[in-house]
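Below: the structure, in structure tokens.
Below you can see the structure in the form of structure tokens.
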């Protein structure tokens with residue numbers, strides 16, 4: 075059971091609309107199914123999907139038990155940057171979801187990894203996310219490391235916790251960063267109103283992003299971001315909070331552009347301690363063609 079208290083900015087919305095806004099990864103059609111099945115109530119009375127609850131009313135949502143579906147291997151090409159018996163590092167393209175989720179049952183990185191690796195993936199995160207140690211957004215490109223066995227998975231997870239696993243991104247942000255380098259140290263948690271978004275909130279977990287300027291253009295900045303922590307949407311949220319949202323990131327205030335499917339963000343470098351050998355390794359993925367094309371336009375004074 076989940077309890078949702080209706081906030082002022084949602085007043086007047088239909089029940090199916092506000093449910094899909096308040097519950098992460100819940101589509102409007104899925105919200106409608108919950109309402110049609112009588113799983114959403116107010117004061118014990120079933121809520122209709124076209125009802126418009128008032129501010130302060132508490133919705134009780136009875137989510138059904140999740141059904142564990144089988145994730146099928148799919149022959150999807152992978153850009154493999156590094157691989158051995160313990161780990162595999164992939165250069166993920168824009169548009170690829172990391173693991174199956176509502177609305178994305180297949181065509182994910184996990185489907186591709188299962189085809190490539192077979193049974194040689196860690197099962198610590200269950201059947202839906204085999205081998206997955208960390209994630210990057212669907213519309214972010216670049217490096218992601220997966221574990222082939224439990225020992226490697228635990229070692230990499232520990233490195234995420236103690237920050238010895240280092241990730242460096244490149245991005246293009248709106249406006250001109252005042253300083254050539256700096257640090258954003260601001261806690262990130264779930265957005266208080268839009269539950270599908272993250273935000274800088276006092277109750278959030280500590281999040282630290284170190285940035286440096288790589289290039290300045292008319293109205294835009296090419297920057298490098300080094301993560302000390304790894305919160306959901308961290309760079310996107312921090313740069314927006316800093317007044318410089320990412321180009322293309324309409325979710326967090328950036329300007330949309332036909333040149334991009336989403337935000338201009340690429341996971342460029344990954345450094346980790348190999349779980350078997352103890353060797354500190356660094357792998358890199360060059361900027362994709364779409365990213366360099368944007369930089370070339372900016373360099374010529376054109377709009378991206």
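Residue numbers (the working numbering): 75 to 378. All residues carry an ideal CB built from backbone N, CA and C; glycine is no exception.
The residue from 264, 220, 125 and 261 with its alpha-carbon nearest to that of residue 185 is 220. Three or more Cβ pairs drawn from the segment 199-219 and the segment 166-177 lie within less than 8 angstroms of each other, which places the two stretches in contact. Annotated as proximal: residue 125 and residue 89, with beta-carbon spacing under 8 angstroms. Two segments are said to touch when three or more pairs of C-beta atoms, one from each, lie closer than 8 angstroms; by this definition the segment 292-301 touches the segment 237-253. Following the DSSP letters along the chain, one finds residue 365 inside the alpha helix (DSSP H) bounded by residues 363-373. If you compare the alpha carbons of 86, 149, 333 and 301 with that of residue 366, the shortest gap goes to 333.
In the structure shown, the three-state DSSP call for residue 207 is coil. Assigned with DSSP and collapsed to three states, residue 313 falls in helix. Taken in chain order, the whole beta strand (DSSP E) runs of length 3 or more contained in the segment 130-187 are 132-135, 154-157 and 161-166. Annotation for residue 341: no alpha helix (DSSP H) segment contains it, though the beta strand (DSSP E) segment containing it runs 339-347. Rounded to whole angstroms, the gap between the alpha carbons of residue 312 and residue 156 is 30 angstroms.
Residue environment: residue 323 is assigned as buried (16 or more neighbouring CB atoms within 10 Å of its CB, all protein chains considered). In the three-state reduction of the DSSP assignment, residue 287 falls in the strand class.
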